[in-house]
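Peer 1: Below is the structure I would like to discuss, written out as structure tokens.
Next up, the structure:
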């Protein structure tokens, strides 16, 4: 039966990065059935780097928009902080899943989150060239100058990156639904719930500070 499964889906350990993009549900099934353990560290580091470079493309550098030193700093910090931040995200997802009566473990959430970040990691092949061609702050230029023939390449880069980010979210939803045996709607709630809780806590904290300042305390 396993051989039939692998033949039909054409999934094996050497093609997981490709299959997770086009067959996420089947790939998650293969990963959890056939791969006992893999390191999520490299996924989190590379995704952290991708997000750091993406933020640099949102920020204008007045002196030199092609500053290689600034890019190197972002890559180092992004990699260092990426694995920490994604571990925290996995913990919040596991916590929210527990509130929704799910049984998946933190380890399962980390694996799902790691593989869902593959599109984000792939976006490095767009973000790095974009930086060296168009420079820091180029993401904003798309909206400030509007579409023109000269900005066609930049628009393509931006659209492709946005599609990859969106697809990463879709894969995460599918992965959460798989490990928790949730419906898609419930899996989306599992992802949104931590955002609502954290956002609500921050708004409550800001409101409390404003109230205390208003009373002169």
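Numbering (UniProt numbering), first residue to last: 1 to 217.
Don't be surprised by glycine CBs; every beta carbon is placed ideally from N, CA and C.
1. For residue 90, collect the residues of the same chain with a Cβ closer than 7 Å to its Cβ; drop the 5 residues on either side in sequence, then sort them by chain order.
2. With a floor of 4 residues, list each alpha helix (DSSP H) that falls wholly inside the region 78-150, ordered by position along the chain.
3. Determine, using beta carbons only, whether residue 163 and residue 24 come nearer to each other than 7 Å.
4. Using the Cα positions of residue 176 and residue 198, report the straight-line distance between them to the nearest angstrom.
5. Per the contact definition of three or more C-beta pairs closer than 8 Å, is the region 49-58 in contact with the region 194-212?
6. Could you give the first and the last residue of the continuous alpha helix (DSSP H) run that contains residue 182?
7. Taking only the alpha-carbon atoms, compute the straight-line gap between residue 7 and residue 172 and give it to the nearest angstrom.
8. May I have the straight-line CA-CA distance separating residue 121 from residue 33, to the nearest angstrom?
9. Rounded to whole angstroms, what is the Cα-Cα separation between residue 123 and residue 191?
10. Please report the straight-line C-alpha distance between residue 137 and residue 71, rounded to a whole angstrom.
11. Can you tell which of 125, 26, 182 and 86 has the C-alpha that lies nearest to the C-alpha of residue 42?
12. Just verifying my parser: in three-state terms, what is the DSSP assignment at residue 64?
13. Would you mind stating whether residue 157 and residue 126 have Cβ atoms separated by less than 7 Å?
14. According to the Cβ coordinates, are residue 17 and residue 44 closer than 7 Å?
15. According to DSSP, is residue 158 helix, strand or coil?
16. If you scan the region 22-61 from start to end, which runs of the alpha helix (DSSP H) of 4 or more residues do you find wholly inside it?
17. Tell me which same chain residues have a C-beta within less than 6 Å of the C-beta of residue 211, skipping the five on either side of it?
18. CB of residue 178 to nearest heavy atom of the ligand GDP: below 6 Å?
19. By the three-class DSSP mapping on this structure, what secondary structure does residue 18 have?
20. Report the residue from 186, 209 and 207 whose alpha carbon sits nearest the alpha carbon of residue 97.
Peer 2: A quick look at the data gives this:
1. Walking along the chain shown from the start, residue 90 turns up at place 90. Same-chain partners within the cutoff: 106, 109, 110 and 113.
2. Counting only runs of 4 or more, we get 106-116, 118-122, 124-134 and 138-145.
3. Along the chain shown, read from residue 1 onward, the residue named residue 163 stands at position 163. Along the chain shown, read from residue 1 onward, the residue named residue 24 stands at position 24. Contact annotation: residue 163 and residue 24 have beta-carbon atoms that are not nearer than 7 Å.
4. Stepping through the chain shown from its first residue, residue 176 is reached at position 176. Stepping through the chain shown from its first residue, residue 198 is reached at position 198. Straight-line Cα distance between these residues: approximately 20 Å.
5. Touching, no.
6. Your numbering for residue 182 matches position 182 in the chain shown. Per DSSP, residue 182 lies in no alpha helix (DSSP H) and is assigned neither H nor E.
7. Sequence index remark: in the chain shown, residue 7 carries index 7 (1-based). Sequence index remark: in the chain shown, residue 172 carries index 172 (1-based). Any reading at residue 7 is ruled out, since the residue's pLDDT is 43, under 50, leaving its predicted position unreliable.
8. Indexing the chain shown from 1 puts residue 121 at position 121. Indexing the chain shown from 1 puts residue 33 at position 33. Rounded to whole angstroms, the gap between the alpha carbons of residue 121 and residue 33 is 24 Å.
9. Residue mapping note: residue 123 aligns to position 123 of the chain shown, counting from 1. Residue mapping note: residue 191 aligns to position 191 of the chain shown, counting from 1. Those two C-alpha atoms are separated by around 22 Å.
10. Along the chain shown, one-based indexing puts residue 137 at 137. Along the chain shown, one-based indexing puts residue 71 at 71. Looking at the two C-alpha atoms, the distance is approximately 12 Å.
11. The sequence position of residue 42 within the chain shown is 42, counting from 1. Nearest neighbour of residue 42 by Cα position, chosen from 125, 26, 182 and 86, turns out to be 86.
12. By one-based count along the chain shown, residue 64 stands at place 64. Residue 64: coil per DSSP, three-state reduction.
13. Here residue 157 is taken as the residue at index 157 of the chain shown, counted from 1. Here residue 126 is taken as the residue at index 126 of the chain shown, counted from 1. Yes. Within cutoff.
14. As a working note, residue 17 is residue 17 in the chain shown. As a working note, residue 44 is residue 44 in the chain shown. Not a contact, by the Cβ cut-off of 7 Å.
15. Translated into the one-based positions of the chain shown, residue 158 becomes position 158. Residue state, collapsed to three classes: helix.
16. Here the runs fully enclosed are 24-34 and 41-58.
17. Here the question's residue 211 lines up with position 211 in the chain shown. Non-local beta-carbon contacts of residue 211 in its own chain, meaning distances under 6 Å to residues more than five positions away in sequence, are absent.
18. Ligands are entirely absent from the displayed structure, and the ligand GDP is therefore not among its contents.
19. Counting from 1 along the chain shown, the entry for residue 18 is found at position 18. DSSP places residue 18 in the helix class (H, G or I) of the three-state scheme.
20. In the chain shown, the residue the question calls residue 97 occupies position 97. Minimum Cα distance to residue 97 is reached at 186.
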